[in-house]
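Following: one structure in structure tokens, then a few remarks.
In my numbering, the protein residues as written are 71 to 429.
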């Protein structure tokens, strides 16, 4: 079947919350040119990420180069392989790096997309298009933050803050697959879930501030790394970390950004900036602070694919929405109560046509 010239797509047209920033188009052009080392994918499902709505809210139009197609994570089928290692008909999953999205204005909330082959992997046969749509961004965030940024090795212990977040759930599974001991924080209601994913120890962050609990109950041996999957704006977990993070260990955070617009959150942000830049010889925290940044890496996305194919990592889906209900999907994500990925169906095969949550 020939590729159409127009498609349905959700377009980010202005700065603001998704309800204000997004507009649905039924006649958005399908890319007619495919650069070298890129593939054309017919998208089956897209998964939402916090970075998507955060960029809508904070990046002005001249920096974000709007209008552009929304979102980053997807699963789909290759329709034009363009001389890459893929073949027409290959089921795949992948992502749009923020820099690629800004340059090409391509995104996941559309029926077709041109994607760099370096950011795409074949979908394992043991996972469907819905769950595969949420693999790439959070899976690579977990993988790279632990093994590139924190340089963890088998037998070491990692503390994952925000274990029930999408990144946290992947980090638990990937860490266990690599022989790490895993200590996790989450609310008490999610203890069963994070233990099911493989957590060895659990801390309920709602009972006592984490830095206070860990200082009074220091692990032995100390953690070899702390992965902040929640993205704390308050730097206390880092500034008190010498009590529970081993010398040479790294504190890696995903997005240390304000979670709402308030004086408290803005104050925490300034405290975090000061903590991460203040030198140790002036009394700064003697532990490495890193802000994670997603990297396009073919070896890493293939390693993630292999873990999924081996059954060592599974996708966790919170809820599923039709393409027309994308704004409702964002409302769910904005509650910060989603456990797993919020997924939008675009053209899912009947055999994976799961029940849609439009609540």
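The beta-carbon is built from N, C-alpha and C at its ideal position, and this holds for glycine as well.
Quick check on the burial criterion: 16 or more other C-beta atoms within 10 angstroms. Buried or exposed for residue i?
i, result
"residue 336", "exposed"
"residue 195", "exposed"
"residue 156", "buried"
"residue 72", "exposed"
"residue 26", "In the structure as shown, the chain starts at 71 and stops at 429, and residue 26 therefore has no counterpart that could be examined."
"residue 37", "Here the chain has residues from 71 to 429 only, and residue 37 is not among them."
"residue 132", "exposed"
"residue 199", "buried"
"residue 167", "buried"
"residue 333", "exposed"
"residue 351", "exposed"
"residue 81", "buried"
"residue 181", "buried"
"residue 305", "buried"
"residue 112", "buried"
"residue 343", "exposed"
Could you tell me which residues DSSP pairs with residue i in its beta bridges?
i, result
"residue 360", "322"
"residue 390", "413"
"residue 186", "108"
In terms of alpha-carbon separation, which member of the options lies closest to residue i?
i, options, result
"residue 348", "317, 229 and 309", "309"
"residue 142", "211, 75 and 206", "206"
"residue 250", "296, 223, 286 and 116", "223"
"residue 393", "386, 408, 415 and 203", "415"
"residue 102", "318, 184, 118 and 123", "184"
"residue 325", "149, 313, 235 and 287", "235"
"residue 159", "179, 149 and 82", "149"
"residue 99", "315, 121, 113 and 75", "75"
"residue 361", "219, 79, 116 and 379", "219"
"residue 151", "123, 139 and 191", "191"
"residue 225", "382, 291, 97 and 115", "291"
Using the C-alpha atoms, what's the distance from residue j back to residue i?
i, j, result
"residue 368", "residue 189", "7 Å"
"residue 289", "residue 406", "29 Å"
"residue 420", "residue 282", "50 Å"
"residue 265", "residue 106", "44 Å"
"residue 271", "residue 373", "26 Å"
"residue 147", "residue 322", "34 Å"
"residue 242", "residue 403", "21 Å"
"residue 425", "residue 340", "Residue confidence is low: residue 425 scores 39 on pLDDT, short of 50, so the model does not pin down where it sits. Its coordinate-derived value is still stated next. Spanning the two alpha carbons is a distance of roughly 44 Å."
"residue 89", "residue 356", "43 Å"
"residue 109", "residue 311", "45 Å"
"residue 87", "residue 94", "15 Å"
"residue 214", "residue 91", "31 Å"
"residue 280", "residue 136", "40 Å"
"residue 401", "residue 187", "32 Å"
"residue 248", "residue 216", "10 Å"
"residue 276", "residue 163", "36 Å"
"residue 423", "residue 154", "Unreliable positioning characterises residue 423 in this predicted model, as indicated by a pLDDT of 45, which lies under 50. The coordinate reading is nonetheless provided below. If you take the alpha carbons of residue 423 and residue 154, they lie about 29 Å apart."
"residue 313", "residue 284", "8 Å"
What are the start and end residues of the beta strand (DSSP E) that includes residue i?
i, result
"residue 271", "271-274"
"residue 199", "From DSSP, residue 199 is part of no beta strand (DSSP E) but of the alpha helix (DSSP H) over 199-202."
"residue 92", "92-99"
"residue 294", "293-298"
"residue 15", "The requested residue 15 is not part of the displayed model; the chain covers only 71 to 429."
Locate the alpha helix (DSSP H) running through residue i, then write down its first and last residues.
i, result
"residue 246", "236-247"
"residue 121", "120-128"
"residue 168", "168-174"
"residue 377", "368-379"
"residue 209", "206-214"
"residue 396", "396-404"
"residue 46", "For residue 46 there is no data in the structure shown, the boundaries of the chain being 71 and 429."
"residue 134", "131-134"
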